[in-house]
Every structure is written in C-alpha cells, then in structure tokens.
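First up is the structure itself, then whatever we jot down about it.
Number of protein chains: 2
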Amino acid sequence: MELIGDAQAVDSYSNLLSGVVKLTKSLSDGRQQIVGLQFAPHFLGRPFKVESSINAEAVTAVTLCSFPRAAVERMMKGSPEFEHRLLKQTLNELDEAREWLVTLGRKTASEKVASFLLMIARNIDSSVDPVARSASFDLPLTRAEISDFLGITNETVSRQLTQLRADGVIRIENTRHVMVDSMSRLRSMAMPSLSQKTDSLDRL
Amino acid sequence: MELIGDAQAVDSYSNLLSGVVKLTKSLSDGRQQIVGLQFAPHFLGRPFKVESSINAEAVTAVTLCSFPRAAVERMMKGSPEFEHRLLKQTLNELDEAREWLVTLGRKTASEKVASFLLMIARNIDSSVDPVARSASFDLPLTRAEISDFLGITNETVSRQLTQLRADGVIRIENTRHVMVDSMSRLRSMAMPSLSQKTDSLDRL
DNA sequence: CGAACTGTTGAGCACAGTCAACGACTGTGG
DNA sequence: CCACAGTCGTTGACTGTGCTCAACAGTTCG
C-alpha cells in the first residue's frame, strides 16, 4: 500500500522489481475497470504513444527502477534484443487480456471469482505453478478492487467468496489470506473447461 | 462469407489484404467470446507460441497473403524493422483489448451496442475517422456474432438496435446496412465519456 | 472517542437472459 | 415448381442473476 517512486513514473519507463501494480480505466460517472495486473518482475511503460488514458497504481508495496523516457527509447533503437523481449512481453499481455475478455463477457459471477483466485495463485505462489492440490497466498487486492477487476460489485465478490468458503473449497484468514483446499474443484468452477473448436478456420 | 485460404493459415503467418477476420475463444459448454476483430490491412499470426487456443475465422470475403511459419520467423530474426512494426501493431491490439475490457466489464447493454457501432464505423468507413456528423456502413457481423463480441445475447442486441432506431439515432436497411444519423448522440450513448483520473499514480 | 474504511449480509428490484413463436429469406430435393 | 428445412432477425412473456440500497461489525487512525 505504501507509495514508492513518483508521478513521473508514467512519463518514464520502469522495471517493476517487487510488488503488484494495477492498470485501470474509468468512465466519467465513476465506473472503473482494472485492465491489467502486473506482477514483478515486469516492465512498465507504453512506448510509441503519448496518450494512453490508462492509470497505473500500486496495490502493494512496490519497488521500481525507473529510466527517463528518452534514454529507453534510444536504447530501443540501438538494441534489437531489447525490443525483442518487449515484443514477447506484449504478446503475453495480449494473451492475458484476451483470456479476461472471455471471463468478463461470458462467465458467471462465481466463475469469475474462481478464475480470479486461480490467476492470483498462479502469479503469487509461483512455486505451485503446475497441477498442485492446494495453495495458499495473500490477495493483493481489496474486495472493491477485485470487483473492478471482474466487472461485478464488491457485494457480489463477497458473497461468492462466502459461498466458496461454505462449499469447503477455500478458507480465509483476516480477509486477505486465502487457502485453497481443493484446487481441482476451484479449477472446475473457474472454467467449464476452455476448449477450442476443432473445425476452426474452415472458412479461412 | 466465402472461404479463402485454408486450415494451415494458423500454422503459418498471413497478411490480411481485404475483409474482416474474427478471433474467438470458447468455453466447453458452447459459450463463445470474440476476443478480436481484425480489419485489412493487418498481420495475422502469433509468434513465439505453439498453443494459442484462439480460433481465427473469416466473417466476410477475405484475401490473404500467407507465408510459411519458418520463413517469417527467420525474417524476424534478420530484420529489426519487421519486429519493430510487429511490436507497434501488438501494442495497438493490446490497447484495443483493454478498451473492450472496460466495455465488457462496466457498460450496459445499450452502451455496448453503441460502442460497437462506433468501433465498426471507425474501421469500415475509414473516411469519416474524425468527428463526423453522420456515417453509413455495412455490419460485417451477424447479430449472433455481435452478441459474442459484446458478451450479451443476440436477442438483447436486436432489442438495443430496435431501440436506437426508435430513438432516431440510426436507420437500418436489410438488417446489415446501418446509417447513423446522429453520431454525436451515438457517441454520448457509447461512453459516459471515458475519463482518466488526474491524481493517478499518487501511490506509484 | 468518533470518523473513515473495509468487508459481510439482507431485502427488493431491474436489467438482461431464457424460452418460445413468428416472418423473411435461402438453398435443397422431390 | 413448390414444399421443406435451415438460418437469421425480431418480438413477447417470464424468470433469475447480479445490482442497489441499507444496516452492521471489525480495524485503523486522528
């Protein structure tokens, strides 16, 4: 929650060394949507564009390593290797964004919350990446932030978490620490198993 | 609607020379979400990844210029210029995806439909890019596809279009051709004016 | 202590989903 | 040629998920 770095962070570029940053967009009437969550280590900044209309905000304690905009853009011109890595990261972010488009557009509230917990577990507790049976982690976001991430209200988030607790899928301590007792159940709740059609591209 | 190219289009890379392609993701129970619409000219293909779990499908007549995967990846290694342009395109796609995250997560059905019409007008009728008073174009998508794009049902899409017609904002001919009589009204319906907070990054 | 913030829970309602019927059009085969 | 099935779009009636409004408990901080 504490602030590190300064406001020039937008105009410059930074490496996120530790902590979690949220990217948000807002409508004028106050409705807000989190459009990206970045976990360390991650590169922050949007090359080739002045006006992004995206707000970046730290959600946990954060350490940054910032560079002036000009320096980074010079570096990008000189080093194809740097641009290559930036491209890879951007492609990954695009994949993640598209995954969330499915979640926001087509999943129910309980599926959204389950998907969110899985995503957090994957990124925070990096040890249990594979097909673990259980997991344990601290939520980096408040209920209100989770609701802005999932496109629902904080009341609905709270109710769905209560439901997961009642079903014995998770336990919660201090409203922030989550213990997943049954990852498999959580997974089956999150995704009615994403599938790709086999007959894709018939028309291409 | 007709099919051009073939199934190897996924494994290879292509330039989309004309027409419109949709990128979709599906859940196993049939729910589907369009995660991207690409208008010509556009580069198709996902470098550095085997498994994308995204389906690409033509929604109009399409002409492609395809290259074998290996050739393009060799080219990318050799030419920083090529990779540079690919990075720019990817960043733009990421911006669009994030814009749609707000639409899917936080807008009402009527706002979604209005936003969709504006987006199509911007991409199809490329002449009236700026602040035009009216516009006219053919929808590249069916009602069902629009609903998969907006994360709502086709019935709701149909009702919202009827409503826009009743309000005198648009006229429709043959279910496909849309004439926007009042772009300003359409704009005000689409976005309770996107705004960025001024105090962003206080915590960064 | 009171104020502010976060999280939980309840009661009622509304927006969008579901289910169903129908018209217009298209292509198919008897 | 026409009957038929299939797709697409529209509209109506009803329902349910998730939103709104509200009260309340637990913490933190001045």
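Chains G and H, in that order, are what the protein sequence lines are.
Residue 1 is where the first sequence starts when you use full-length UniProt numbering, and the numbers rise one by one after that.
Residue 1 is where the second sequence starts when you use full-length UniProt numbering, and the numbers rise one by one after that.
Ideal Cβ positions, reconstructed from N, Cα and C, are used throughout, including at glycine.
Own chain partners of residue i with C-beta closer than 6 Å, once the 5 adjacent residues on each side are dropped
i, result
"residue 208(G)", "Residue coverage of chain G in this structure runs from 1 to 204, which leaves residue 208(G) outside it and unanswerable."
"serine 147(H)", "Thr153, Asn154 and Val157"
"alanine 109(G)", "Ile152, Thr156 and Gln160"
"valine 20(G)", "Phe39, Val59, Thr60 and Pro140"
"glycine 36(G)", "Leu23"
"leucine 3(H)", "Any reading at leucine 3(H) is ruled out, since the residue's pLDDT is 37, under 50, leaving its predicted position unreliable."
"methionine 189(G)", "Ala114"
"methionine 191(H)", "none"
"histidine 84(H)", "none"
"glycine 105(H)", "none"
"glycine 5(G)", "The pLDDT assigned to glycine 5(G) is 38, lower than 50, so where the model puts this residue is not dependable, and the model offers no usable value."
"alanine 166(H)", "none"
"glycine 168(H)", "none"
Nearest residue (CA-CA) to residue i, options the options
i, options, result
"glutamate 96(G)", "Phe116(G), Phe137(G) and Glu83(G)", "Phe116(G)"
"isoleucine 34(G)", "Arg46(G), Glu173(G) and Ser53(G)", "Ser53(G)"
"serine 66(H)", "Gly78(H), Leu87(H) and Leu16(H)", "Leu16(H)"
"lysine 22(G)", "Ile120(G), Glu111(G), Ile172(G) and Asp125(G)", "Ile120(G)"
"serine 28(H)", "Val113(G), Lys107(G), Asn123(G) and Leu86(G)", "Lys107(G)"
"arginine 176(H)", "Gln38(H), Phe149(H), Arg143(H) and Arg122(H)", "Arg143(H)"
"serine 26(G)", "Ala114(G), Phe149(G), Met76(G) and Phe82(G)", "Phe149(G)"
"asparagine 55(G)", "Arg98(H), Arg31(H), Gly168(H) and Leu86(H)", "Arg98(H)"
"residue 211(G)", "Gly30(H), Gly168(H) and Trp100(H)", "Any property of residue 211(G) remains undetermined from this structure, which presents chain G solely from 1 to 204."
"residue 213(G)", "Glu145(G), Asn174(G) and Glu173(G)", "Residue 213(G) falls outside the range modelled here, since chain G spans only 1 to 204, and no answer is possible."
Contacts around residue i, its chain only, beta-carbon distance under 8 Å, and the 5 residues preceding and following it disregarded
i, result
"isoleucine 170(H)", "Leu117, Leu161, Leu164, Val178, Met179, Val180, Asp181 and Leu186"
"valine 72(G)", "Ser12, Tyr13, Gly45 and Pro47"
"phenylalanine 82(H)", "Met75 and Met76"
"lysine 197(G)", "Residue placement at lysine 197(G) is flagged as unreliable, the pLDDT there being 44, under the threshold of 50; the coordinate-derived value follows with that caveat. Same-chain partners within the cutoff: there are none."
"histidine 42(G)", "Asn15, Leu16, Val21 and Gln89"
"isoleucine 124(G)", "Phe39, Phe137, Asp138 and Pro140"
"leucine 86(H)", "Phe43, Pro47 and Met76"
"glutamate 173(H)", "Met179"
"glutamate 111(H)", "Thr103, Met189, Ala190, Met191 and Pro192"
"glycine 78(H)", "none"
"leucine 204(G)", "No answer about leucine 204(G) holds up, because its pLDDT of 35 lies below 50 and its placement is not dependable."
Cross-strand partners of residue i (DSSP beta bridge)
i, result
"lysine 25(G)", "Gln33(G)"
"glutamate 57(H)", "Lys22(H)"
"phenylalanine 67(G)", "Tyr13(G)"
"proline 43(G)", "Reading off the sequence, residue 43(G) comes out as phenylalanine, not proline. Paired residue(s): Asn15(G)."
"aspartate 138(H)", "His177(H)"
"glutamine 89(G)", "BP columns for glutamine 89(G) are empty, so no partner."
Same chain only: Cβ atoms within 7 Å of residue i, ignoring 5 sequence neighbours per side
i, result
"methionine 183(H)", "Ala132, Arg133, Ser134 and Ala135"
query = Taking contact to mean at least 3 C-beta pairs separated by less than 8 Å, is the region 90-105 of chain H in contact with the region 133-143 of chain H?
reply = no
message = What ranges does the alpha helix (DSSP H) occupy inside the region 151-175 of chain G, keeping only unbroken runs of at least 4 residues that lie completely in it?
response = 154-166
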